[in-house]
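According to mature numbering (1 follows the signal peptide of the UniProt record, and there is no 0), the stretch in the sequence shown is residues -20 to -1, 1 to 424, in order.
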Amino acid sequence: MHWVVACCLCLGVLPIFVTSSLDFGYHNTQLLEAYLKNINAAYPDITYLHSIGKSVEGRDLWVIIVGRNPKTHIVGIPEFKYVANMHGNEAVGRELMLHLVDYLVTNYKSDPVISDLINKTRIHIMPSMNPDGFESSASTCESLTGRYNKNNYDLNRNFPDAFQRNLAPIQPETKAVMDWLQTETFVLSANFHGGAMVASYPYDNANSSTNRISPDNDVFIYLAKLYANTHATMYKGTVCSTDSFPNGITNGFQWYPVQGGMQDYNYIYSQCMEITLEVSCCKYPDASTIQGHWNDNKAAMIEYMKQVHIGIKGQVFDITGKPVQNAIVEIVNRQHICPYLTNQHGEYYLLLLPGNYSLNVTVPGTSILKNIYIPQSQKFSAMQYNFTVSVPVNSTASSVNTMCPRASTQSPFAPDPEDGGIALNAGLLPFLLSTVIMLLLTNQ
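The structure is reproduced here in C-alpha cells:
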C-alpha cells in the first residue's frame, strides 16, 4: 500500500485506499492526510474532515468527525473527542486514532454497538496535534526529539492554567485547540501519550496537595478505572518496569504537577471532562508493535466513548419558550472553578454516576432546585431533564458573575519524569531560577 500511495503522491493524484487495508505501520503527514481524505470520500454520510488550524510549519491540524450528522451539532447529541500526538515523539496514539476511524466506519450498520454509538454521538478524532514534532522525531523509546513544537514549546505546558500564572506565549497548535473548544460543546475527551502505561485524571495542577481533587473526582476515577480495566494490561499498574500505579490509574498532580496542561484546561475552562492516557512504555516503539497496541486498546477506546452518555442532559428555557444561554447548571456540593453554563441552544450535559443529586439552575433573577435520580443503566442516553425558568431572559445574556479565573499565558515548566526533568522553552530564561526551585521542591 505504501508503494501505491507514494506513486500517487508523486504524480499529484489522490491515492485510493481500500479502508479495510489500513496497515499497521507509521503514517507520516502525507499518508495520514491522504488516508483521512479517502475515508471522508468513501463515507461522506457519516464523516466530515476539517482542519482546525495550522502548525508552526504550516501543516494542517486535521480532525475527522464520525456521526449520523457529522457536519453540525444536533441538540441532545453529545460531542466526544480523542486527541493524540501532542508530543510529536509519542507516536502510538496517532496510529490508534487512524485504526479507530477505520474500525468505526467499516463496522457502521453491521455492528449494533458501533451503530448506536455513531447514531447517538458526534465523535471528533484528532490524530496529531503536533505534526511538526512527529516529522522530526526519532523512532526510539527514550529520545525527546520531536516532543516539542517547532518553536520549542511543550504543548502540554502551554495552556492557560487556573492555579498558576503562565508566561509563555500561546502556540499556534494550542490556540487552534482552544478555539476549537469554543466552537463545540464537548462533554468527554481523552488525550493519548506514550512513555508510561496509566490513565491519569485531573487535577494535573493545584495550589497544594489538598486541592488536587476535583469536584468530579468520583466520575474521573470511574472513567480512568474503566479504561484501565478494559485495556489488556493497564489495570496491572506495573506494566512498565519503572512505574507502579494501583489499578493502573493516578491523579495527575499526585504523579507529578503539570502547569498549563490540556486536560485541566478542558475540564476547568471548557466544561469537558478529559483524562490523559499513557498507552505505551516506549514513546516511539517499533512499527511491528502497533497491531498489538491496537488490540490492547480497541475495547477500552470504544467503552470509554460510551461514557459520554452517563449522567444527565437537557435544556433550559425561559418563560417564553426560548432557550437560555449561559444559565448556570450545577450539582449542589459539586461546584466547579468555572461554573457549568448552558450553550447557545440552552443545553447542558453533566456526567454523573448513578445516585441521587440536587440540581441547581440559576439565571439572573431566579433559580430552580430539583432533586434527581440517575439509575444504573442508561444505554446510550443520559437522563433528560429540561427546565423552564419563571422569568423572560435575554437568550444571549450572560448569567450571574461566575468569577472564573482567566490566567492568560504560561509559566515555566513543571518537572516531568517522562522527559527526565525540566525542559525550558526559548524565551523563558528569565524564569530559570524559579524553575530550578520548583524542581527541587517537587523532587523532595
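From the three backbone atoms N, C-alpha and C, an ideal C-beta is built for every residue, glycine too.
Smallest Cα separation from E294: which of I308, K286, E283 and G241? Residue 294 sits at position 314 when you count from the first residue of the sequence shown. The question names Glu, but residue 294 is Gly in the sequence shown. Comparing Cα positions, the closest option is I308.
Are there 16 or more other CB atoms within 10 angstroms of the CB of residue 447, so buried, or fewer, so exposed? Beyond the ends of the chain as shown, which are -20 and 424, falls residue 447; an answer cannot be given.
Opening and closing residue of the beta strand (DSSP E) in which T165 lies: Position 185 of the sequence shown, counted from the start, is the residue given in the question as residue 165. Annotation: T165 is outside any beta strand (DSSP E) and is labelled neither H nor E by DSSP.
Bridge partners for K286 per DSSP, in chain order? Stepping through the sequence shown from its first residue, residue 286 is reached at position 306. Paired residue(s): none; K286 is not in a bridge.
The beta strand (DSSP E) spanning Y329 covers which residue range? Residue 329 sits at position 349 when you count from the first residue of the sequence shown. Segment E327 to L330, the beta strand (DSSP E) holding Y329.
How big is the Cα-Cα spacing for V373 and A204? Taking the first residue of the sequence shown as 1, we reach residue 373 at position 393. Taking the first residue of the sequence shown as 1, we reach residue 204 at position 224. When rounded, the distance between both Cα atoms is 39 angstroms.
Tell me whether N231 sits in a helix, a strand or coil according to DSSP, three-state version. In the sequence shown, the residue the question calls residue 231 occupies position 251. Residue state, collapsed to three classes: strand.
Alpha carbon to alpha carbon, how far is L257 from L206? Give it in angstroms, no decimals. Taking the first residue of the sequence shown as position 1, residue 206 is located at position 226. Taking the first residue of the sequence shown as position 1, residue 257 is located at position 277. The straight-line gap from Cα to Cα measures roughly 12 angstroms.
Residue range of the unbroken beta strand (DSSP E) whose run includes I45: Taking the first residue of the sequence shown as position 1, residue 45 is located at position 65. Where I45 is concerned, the enclosing beta strand (DSSP E) stretches over D40 to V46.
If you follow the beta strand (DSSP E) that A64 is part of, which residue opens it and which one closes it? Locating residue 64 in the sequence shown gives position 84, where the first residue counts as 1. A64: member of the beta strand (DSSP E) spanning E59 to A64, first to last residue.
Output yes or no for whether 8 angstroms exceeds the beta carbon distance between M109 and L135. What you label residue 109 is simply residue 129 of the sequence shown in a count that begins at 1. What you label residue 135 is simply residue 155 of the sequence shown in a count that begins at 1. It is a contact, given that the beta carbons lie within the stated cut-off.
Check V304 in the structure and name its three-state DSSP category. Residue 304 sits at position 324 when you count from the first residue of the sequence shown. In this structure, V304 counts as coil in the three-state DSSP scheme.
Please identify the residue among E153, L147 and R145 whose C-alpha is closest to the C-alpha of V63. Position 83 of the sequence shown, counted from the first residue, corresponds to residue 63. Out of E153, L147 and R145, E153 has the C-alpha closest to the C-alpha of V63.
Nearest-angstrom Cα separation, counted from Q271 out to D184: Looking up residue 184 in the sequence shown gives position 204. Looking up residue 271 in the sequence shown gives position 291. Roughly 30 angstroms separates the two Cα atoms.
Along the chain, where does the beta strand (DSSP E) that runs through N18 open and close? The count along the sequence shown starts at 1 and reaches residue 18 at position 38. The continuous stretches of beta strand (DSSP E) do not include N18, which lies in the alpha helix (DSSP H) extending over residues T9 to A22.
Output the boundary residues of the alpha helix (DSSP H) element that contains R74. The residue given as residue 74 occupies position 94 in the sequence shown. Taken as a continuous stretch (DSSP letters only), the alpha helix (DSSP H) holding R74 covers V72 to N87.
Three-state class that DSSP yields for G272 in the structure shown: By one-based count along the sequence shown, residue 272 stands at place 292. G272 falls in the helix class under three-state DSSP.
CA nearest to the CA of D96, picked from I26, G174 and A71: Translated into positions along the sequence shown, residue 96 becomes position 116. Residue I26 holds the alpha-carbon nearest to the alpha-carbon of D96 among I26, G174 and A71.
Could you tell me the distance, in whole angstroms, from the CA atom of H67 to the CA atom of L349? If you number the sequence shown from 1, residue 67 lands on position 87. If you number the sequence shown from 1, residue 349 lands on position 369. The alpha-carbon atoms of H67 and L349 are separated by roughly 44 angstroms.
With Q295 as the anchor, note down where its alpha helix (DSSP H) starts and where it stops. Counting from one through the sequence shown, the residue named residue 295 turns up at place 315. That residue, Q295, is in no alpha helix (DSSP H); its beta strand (DSSP E) goes I292 to F297.
Which same chain residues end up closer than 8 angstroms to A186 when comparing Cβ atoms and leaving out the 5 residues on each side of it in sequence? The sequence position of residue 186 within the sequence shown is 206, counting from 1. The residues are F143, R192, F233 and P237.
Endpoints, the alpha helix (DSSP H) within which S95 is located: Walking along the sequence shown from the start, residue 95 turns up at place 115. Residues P92 to K100.
Same chain, Cβ closer than 6 angstroms to R314, neighbours up to 5 away in sequence not counted: As a first step, residue 314 is located in the sequence shown; it is residue number 334 there, counting from the start. Sequence-distant Cβ neighbours of R314 in its own chain, meaning closer than 6 angstroms and more than five residues away, are P195.
According to the Cβ coordinates, are V81 and S260 closer than 8 angstroms? Counting from 1 along the sequence shown, the entry for residue 81 is found at position 101. Counting from 1 along the sequence shown, the entry for residue 260 is found at position 280. Not in contact: V81 and S260 (Cβ atoms no closer than 8 angstroms).
Measure the CB-CB distance between V219 and T213 and report whether it falls below 8 angstroms. Along the sequence shown, one-based indexing puts residue 219 at 239. Along the sequence shown, one-based indexing puts residue 213 at 233. The beta carbons of V219 and T213 sit closer together than 8 angstroms.
Segment limits, beta strand (DSSP E) that includes S116: For the purposes of this step, residue 116 is taken as the residue at position 136 of the sequence shown. No beta strand (DSSP E) contains S116, which is instead part of the alpha helix (DSSP H) from P111 to S116.
Tell me the DSSP secondary structure of S31 in three-state form. Within the sequence shown, residue 31 is the residue found at index 51, counting from 1. Note: S31 maps to strand in three-state DSSP.
Verify whether the separation of the beta carbon atoms of W42 and L76 is less than 8 angstroms. Against the sequence shown, residue 42 aligns to sequence position 62. Against the sequence shown, residue 76 aligns to sequence position 96. Their beta carbons are not under 8 angstroms apart, which means W42 does not touch L76 by this criterion.
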